[in-house]
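Chains as they are written, first to last, in the working numbering: chain L, 686 to 1030; chain R, 687 to 1066. Worksheet: the structure to be examined is printed underneath.
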Amino acid sequence: MSTCVKRLGKWVSLVSKRGLSTSSVQKDASENGVKSLNLYSAINQALHIALDTDPRAYVFGEDVGFGGVFRCTTGLADRFGKNRVFNTPLCEQIVNEAAKFRYRSGNQFNCGGLTIRTPYGAVGHGGHYHSQSPEAFFCHVPGIKVVIPRSPKEAKGLLLSCIRDPNPIVFFEPKWLYRLAVEEVPEDDYMTPLSEAEVIRQGCDITLVGWGAQLSIMEQACLDAEKEGISCELIDLKTLIPWDKETVEASVKKTGRLLISHEAPVTGGFGAEISASILERCFSRLEAPVARVCGLDTPFPLVFEPFYMPTKNKSKIMVGKWICSVHVEFYNVIDDDDDDDDDND
Amino acid sequence: MRFISDISHKRVPCYRVLDDDGELMTHTNHVQVSKEMAVRMYSEMVTLQTMDNIFYEVQRQGRISFYLTSMGEEAINIASAAALSSDDIILPQYREPGVLLWRGFTLQQFAHQCFGNTNDFGKGRQMPIHYGSNKHNYFTVSSPIATQLPQAVGAAYSLKMDGKSACAVTFCGDGATSEGDFHAGMNFAAVMEAPVIFIIRNNGWAISTPVEDQFRSDGIVVKGQAYGIWSIRVDGNDALAVYSAVHTAREIAIKEQRPVLIEALSYRVGHHSTSDDSTKYRPIDEIEYWKMERSPVNRFKRWVERNGWWSEKDELELRSSVRKQLMHAIQVAEKAQKPPLEDLFTDVYDQLSSNLEEQERLLRKDIEKHPKDYPSDVPL
Ligand SMILES: Cc1ncc(C[n+]2csc(CCOP(=O)(O)OP(=O)(O)O)c2C)c(N)n1
């Protein structure tokens, strides 16, 4: 645990707040306008709104005063003052303290709507500490919620929901998308509900479930599969815990097949949890074993990143095999895979 | 070139007001304590001592699962509480129940927590002695050592930002000062200029580890200075010295908006807890010496008696009344119902999440099918 928590220590920033304020949001240029933004700017906008709408909201952590390594906190200290936006020498108390504060006191005390923001995932050059995806670890600590956005618009809406949720939340921001992902983001104050998954692509042959940066990879796999006549349904889980089983269950009952994909190591990953739960609920409706296309059980390897990653083609091949596979052939099919699926970038 | 040596040749002095016989020492100044306050302080020290003795016995009889006494540290507990205001926020370690007692947590409430029944504010989820009460501004005890220290700084910073005329007060033992959280808390407090008082109970032992194995500095008081924090060493078995130091520290913390550290020298007279037998690692003579000759309760009593504020009759009446109250409280707590099953699932989040709802439903089904597999005294 100390490794992943230490790693968080380098980048984490925290937002603490109480209650929900309804006071109006400061509007810059356009009233209720929409602007094309990348992910870090969308997060920056959400933090401005959070501080603006609640005088008891604070942002603190390493480097947040000057804007943060990823520029997410730019301008906050100037606008809201050093008393509310400040650098701290960090120490982590997530698992034993924040997570259990409410439960252990019988709901007499809580940690005041803490949201811990942290980057996660591959960037092409991160290595062991700066590219890992420790989300499953936090999912295994009752009392914490885990949320991961897939795009700038989602990031803003989900982050505001997290900040205004009365529970401690770890908000994982896909590092890869900070600058890369750009989309139209409403400028006003809006919240995207937690614990609600979204079907972002309808299909009838197989259900694909993922979160964060992995969704764009899976979307490409869906497009490729479509060319081969396979219709994929794609679900963004958004909140990993407590997760929206109903949406995934309904989809799998329709398609009869499920593939889960995440960058984190396959063993003990959150995909295993989804797989187990869906097997419990949909056993008789499944036409193939649940498939997982995930990272390897190694520390995130710098030069071997392309081998480690759950790429589009790994997903696509799995999708294909899963549609064609007859149960008895299952293990042979898996063996075949190993030779032919590594033509990724 | 000159290196600063590891230790200055003069040790930091220890602030004392009463000598070992409970006589006011000459040449020391202290904050005045009225008759009413002194009698209340003494009574609460006796109450804490009696509660410890009786709950310890109740644990030995197997009626509660665990206990931990504050014996030998009654003055630190009660005199610090007496010097504070009820608006001040307490973040305890675990050997400071006297502060909660002073604030009005009843003997019955202590008993409910130790028995983990439905009246325990913590809903029976934690081990005995993990008390907490929002109403009394006393954060719930958490087992991991030293986590309360950086939290206290956060609480103090929030008081500062809200412009409150109050401070946060946190306690820990000598062992806790070796944890990373101690250093993070001290540094954070100094940098943030947070109105927080760190009261370090240097009682000589961290379970079986003596202070000689814990640090090589001149105790803990010097660490405050290293972080840029005003600090004082006091005799923790001298109730008047503790009262004066905490009273003054509170003024500094609130008026000057800065942290203060108090190192209170004492001795852990009891075993670490009911899971420990300290005669295995320290001489019985040493324990007896601190229990009798250096007792903070006896020392303070001599001073109160000398002032003509306390008689043997008062003493007998108090001890017998506290005993009776405790026996009654224990009977009531032992008979009270266990917390209901739903308390297993609530408070993980502010609202029951869907995964927990599902698990509760399945558990209830199983209980219906196999009632014998489950304790019958938990209301469903
Ligand atoms: C982080 C952590 N490490 C170890 C322990 C086990 N433990 C419980 S009490 C204790 C000793 C603490 O000693 P000290 O701070 O001197 O307090 P005292 O018991 O003397 O009042 C230890 C090591 C723990 N609870 N938490």
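Just so you know, even glycine gets a beta-carbon here, dropped at the ideal spot from N, CA and C. On a predicted model such as this, the values are computed, not experimentally measured, just so you know.
Is Y788/L close to chain R, meaning its C-beta is less than 8 Å from at least one C-beta of that chain?
yes
Tell me which same chain residues have a C-beta within less than 8 Å of the C-beta of R1009/R, skipping the five on either side of it?
T736 and I740
Apart from the five residues just before and just after G910/R, which ones in its own chain have a Cβ nearer than 6 Å to its Cβ?
S917 and L947
Can you tell me whether Q1045/R is buried or exposed? The criterion is at least 16 other CB atoms within 10 Å of its CB, across all chains shown.
exposed
Using a Cβ-Cβ cutoff of less than 7 Å, which residues in the same chain neighbour S962/L once the five nearest sequence positions on both sides are dropped?
K930
Can we count A761/R as close to ligand 1, meaning its CB is less than 7 Å from some heavy atom?
no
Rounded to whole angstroms, what's the CA-CA distance from C824/L to V831/L? Just pull it up for me.
6 Å
Short CB-CB distance (under 8 Å) between Q1023/R and chain L:
no
Within the present structure, is the beta-carbon of C917/L separated from the nearest heavy atom of ligand 1 by less than 7 Å?
no
Please determine whether the Cβ atom of D1063/R lies at a distance below 7 Å from any heavy atom of ligand 1.
no
Is the closest heavy atom of ligand 1 to the C-beta of D860/R under 7 Å?
yes
When the Cα atoms are used, what is the spatial distance from V808/L to T759/L?
21 Å
Would you mind telling me which residues of chain L sit closer than 7 Å to D971/R, beta carbon to beta carbon, in chain order?
Those within 7 Å of D971/R in chain L number zero; the least Cβ separation is about 39 Å.
Straight-line CA distance for K941/R to A852/R?
10 Å
Beta carbon of T856/R, beta carbon of Q778/L: below 8 Å?
no
Give me the Cα-Cα distance between P1026/R and T1032/R, rounded to the nearest whole angstrom.
11 Å
Of all Cβ atoms in chain L, is any one closer than 8 Å to the Cβ of Y1035/R?
yes
With a cut-off of 8 Å, do at least 3 Cβ pairs link the stretch 899 to 911 of chain L to the stretch 933 to 940 of chain L?
no
With 16 other Cβ atoms within 10 Å as the buried cut-off, status of N715/R:
exposed
Nearest to T738/L by CA position, among Y875/L, A821/L and G750/L, is which residue?
Y875/L
S726/L by DSSP, collapsed to three states: which one?
helix
When DSSP labels each residue in this structure, what does H933/R get in the three-state scheme?
helix
With DSSP as the reference, label G812/L as helix, strand or coil.
helix
Whole-angstrom distance between D890/L and G914/L, CA atom to CA atom:
10 Å
Cβ shell of Q1017/R (< 8 Å), same chain only, five flanking positions each side left out
none
Residue range of the alpha helix (DSSP H) that includes K838/L
P837 to R849
Considering only residues of the same chain and omitting the five flanking positions on each side of D748/L, which have a CB-CB separation below 7 Å?
V754 and N772
Shorter than 7 Å, the distance from the beta carbon of I906/R to the closest heavy atom of ligand 1, or not?
no
Neighbour flag for P1026/R against chain L, beta carbons, 8 Å
no
Against chain R, does P927/L count as a neighbour if the rule is that its beta carbon must be under 8 Å from one of theirs?
yes
Say yes only if the C-beta of P830/R is nearer than 7 Å to one or more non-hydrogen atoms of ligand 1, and no if none qualify.
yes
Can you pull the chain L neighbours of P830/R, defined as C-beta to C-beta under 7 Å?
N781
R764/L burial status per 10 Å Cβ neighbour count (16 or more: buried)
exposed
If we require 4 or more residues per run, which alpha helix (DSSP H) segments fall completely within the stretch 921 to 1008 of chain L?
930 to 940, 955 to 967 and 990 to 993
Chain-ordered chain L contacts of R811/R [CB-CB under 8 Å]
Y788, R789 and G791
Do three or more CB pairs link the stretch 840 to 852 of chain R to the stretch 867 to 880 of chain R at distances below 8 Å?
yes
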